[in-house]
Amino acid sequence: MTSQAIKDSAKQLLKIISKLPDERIKHLVSFKDSQTERFRRVAGLQPADKAERKASLEDIKDIINRTSGPLGLQKDLLKKVQATLPQDNLTEQSIQEQIRALTNIANNKYKKYYDVGDKLYKPAGNPTYYQRIVDEIEGKQKETFFSAMRTVLFGK
Numbered sequence: 003m004t005s006q007a008i009k010d011s012a013k014q015l016l017k018i019i020s021k022l023p024d025e026r027i028k029h030l031v032s033f034k035d036s037q038t039e040r041f042r043r044v045a046g047l048q049p050a051d052k053a054e055r056k057a058s059l060e061d062i063k064d065i066i067n068r069t070s071g072p073l074g075l076q077k078d079l080l081k082k083v084q085a086t087l088p089q090d091n092l093t094e095q096s097i098q099e100q101i102r103a104l105t106n107i108a109n110n111k112y113k114k115y116y117d118v119g120d121k122l123y124k125p126a127g128n129p130t131y132y133q134r135i136v137d138e139i140e141g142k143q144k145e146t147f148f149s150a151m152r153t154v155l156f157g158k
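The numbering of the sequence shown is this note's numbering, which starts it at 3 and goes up by one.
Right under this line is the structure:
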């Protein structure tokens, strides 16, 4: 496995990651952003916005490895920190496996293979249950206090 093959595989994986939709619910860390940053380093590409670049895990590892006692840390504490830092031991095969898995997710392979159907999405006892939850998450329709009480009391 050559270093160039790993870089090429990482570039291929970056193309698939870029096609993923943005997350609907914003979190502190986005899967898409974190994986893009991770595989940009593996592919040997520069970060997208160099001006706003924060210290990455690679930068922290580099600081710890270059100095004997960064930030006044004791040597035994420094060894503990080095032992807990995750190591990226990527091979071409492991990146290809990730490419296959991400392609399956992007193409909704398992959603199509394990099709659920309307019996689960719209149960007979409360057919609008899941649609109300999705509308609430997306902010389309707010449920009032009285409609919430009606739902609790009558189940619809």
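Just so you know, even glycine gets a beta-carbon here, dropped at the ideal spot from N, CA and C. Predicted model only: the values in this text are computed from it and were never measured.
Counting along the chain, ARG40 sits inside the alpha helix (DSSP H) bounded by residues 33–45. Approximately 6 Å separates the beta-carbon atoms of GLN98 and SER11; this is inside 8 Å, confirming the contact. For VAL118, the secondary structure class from DSSP, reduced to helix, strand or coil, is coil.
Taking a 10 Å sphere around the C-beta of LEU15, we find 16 or more other C-beta atoms and assign the residue as buried. Shown here, ILE135 sits in a helix according to DSSP, grouped into three states. Burial check for PHE33: the Cβ neighbour count within 10 Å stays below 16, so the residue is exposed.
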